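Numbering (my numbering), first residue to last: 24 to 553. A virtual CB, placed ideally from N, CA and C, is assigned to each residue, including glycine. Since the model is a prediction, treat every value here as computed from it, not as a measurement.
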Amino acid sequence: MALGTCLTDLHAKGVITDARYEQLRPVYDELVLQFEGRYGRDAAESMATEKALEWAEADAMDRKRQVLLQAKQQAEWLADVRRQSGDGPISRRVAEDKIVDMDNHRRAIRQQALQMMNGLLAKHRRDLTGRVRKPEELADTLSEVFGKETGNLNAREIADAWRQTTEWLRSRFNAAGGRIGKLDSWNLPQNHDMRAIRDAGFGAWRDFLLRGGPDGRGLLDRANMIDRDTALPFTDAKLEILLRDMWQAIATDGWSRNNPGAINVGATANRRADPRFLHFDSAESWTSYSQQFGGGGSPFDAMLSHIEGMSMDIAAMERMGPNPSATLRWQQGWLMKSTEETLITGKAGKRATDNARAGVETLQNLYDEYTGANNRPVRRRLALGFSIFRAHQVAAKLGGAALSIGGDFGTMFHTSRFNGIPATKVMSRYASMLNPANSSDRGQAARHVLMADQWSEGHAAMWRTTGEEIAHENMRRLSSGILRLSGLSAHTDIARQAFGMEMVAHLTHMRERSFGNLDENSGRCCSATA
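Set out below in structure tokens:
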């Protein structure tokens, strides 16, 4: 018997709950409509029954897995902060340090991903004017990403590295509780310019996707845009519904999917599949959409943006579970609970309560800083104006800041000696890496991900998924270019890289020693790091 026929009876008999009834009926009805045109009513009802039950079972299993991962991370957090806080209530400093450390974890994941993409960074990083280097080869890389043979071996290697990197990020995201399916036909994320899409209207935006290519063909790879419910390509009717929902979400800055007054913070684990909905059929189609409705970002920007966003989500999920926002509220509750349950009396009790409330606020601020929510302007045009002023001041006043770097060498010298690292080797490495003719040390630094920050710096602000800044692109390029032209950026980055490489070399040299046999400075360094 078809599910649509017996669903009401099963619900009436109490075999399925009210929630399950409300969940399954719309899914079943939609599947029947999609299957009926191909297979007839009877076969459609039978197939819809099977698919709806499979969908419900898979969804239930995934939700159960997310709940278990969430509980595991929360239990580990509680045990750790109690251990570090000692007797008494949970220390707000310990709780705050956990979120700060989560950002360090994000940087580590990001650096691992960038290490896999060091060929892209080395070849196509931005020049002094902010333009991507070797755009012709970058176009070949984009074509290789979309499966087109270009004969450019370097482009093919970078494309392969991109696929390996995205698969590594996807697997790690899913291991932390995510739900991103493996899509061989997905190649590159795309940005959406909200203003351009809103101004064009749904009809023009949809027509550009479906008929905006050469000879009136669409930009999308319809054959590989698979409906997860039916395991078949989307029908025209279903695609129309989904495109309209997507347009409304972009044009309203997400408000079409939010309910005023509700806590509209979904699980991070359930978000990342959305940007993979549109599958472009070629590099030319992706570029055409980027120029028309994507703000003009390059493939270089798109790749780095994807790594940035995935790294942030993975780190949050690995430390706070599939729904970090829910865990944050849980942590804030425990901070207050542990304080109030100590029953401290008098003025000390008032101070403890005030301190806990301040800790709750600080936890929220730190998390908002991590996600970029703190940096989203209330008045965007005003923020853009002041960002232009800031960039102008940087360009006008910091061009000669490199003249003041002399004190940095003293800091490098004493920091090296304090950590047991030969200071002369650090200075020698610095001088070697500063030499433009010496590429071997910089290549080694890239493989150790020590140059990733310098090489990835400057990709277009429009692609910064964390919302870390609102900036006029030309002025941002001017200020960044002035700092690089003055030598200040090179000095700062190379000094950090030289110290990092000598630190790695020093630790490698001592790898066979036991901890007790380390000299005082090296032992102190390792203890502090641990």
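Rounded to the nearest whole angstrom, the CA to CA distance from A518 to F412 is 29 angstroms. At a Cβ-Cβ threshold of 9 angstroms, G318 and A219 count as neighbours. Under the three-state reduction of DSSP output, L243 falls in the strand class. In this structure, the CA atom of I39 is about 27 angstroms from the CA atom of G201.
For F409, the enclosing alpha helix (DSSP H) stretches over residues 403 to 420. One Cα belongs to S166, the other to R186, and the distance between them is close to 13 angstroms. Between M340 and A274, the C-beta gap is not smaller than 9 angstroms, which leaves the two residues out of contact. For the 9 angstroms CB-CB criterion, S451 and Y390 do not form a contact. Taking the Cα positions, H215 is about 17 angstroms away from E307. Distance from the CA atom of G408 to the CA atom of R402, rounded to whole angstroms, is 10 angstroms. Here the region 42 to 61 lies against the region 250 to 265, with 3 or more beta-carbon pairs under 8 angstroms apart. DSSP places L366 outside both helix and strand once states are collapsed to three, so it counts as coil.
For D110, there is no enclosing alpha helix (DSSP H), since its DSSP letter is neither H nor E.
Judged by DSSP in its simplified three-state form, I330 adopts helix. Under the three-state reduction of DSSP, L255 is assigned to strand. Looking at the DSSP output, F303 bridges to L243. Within a 10 Å sphere around the beta-carbon of M70 sit 16 or more other beta-carbons, which makes this residue buried.
Nearest Cα to G241 within the set F303, R440, G539: F303.
Around the beta carbon of V383, 16 or more other beta carbons sit within 10 angstroms, so the residue counts as buried. Contact annotation: the region 356 to 372 touches the region 110 to 130, with at least three C-beta pairs closer than 8 angstroms. The beta-carbon separation of V117 and V104, rounded to 5 angstroms, stays under the 8 angstroms limit for a contact.
Judged by DSSP in its simplified three-state form, I444 adopts coil rather than helix or strand.
Here DSSP, grouped into helix, strand and coil, assigns D276 to coil.
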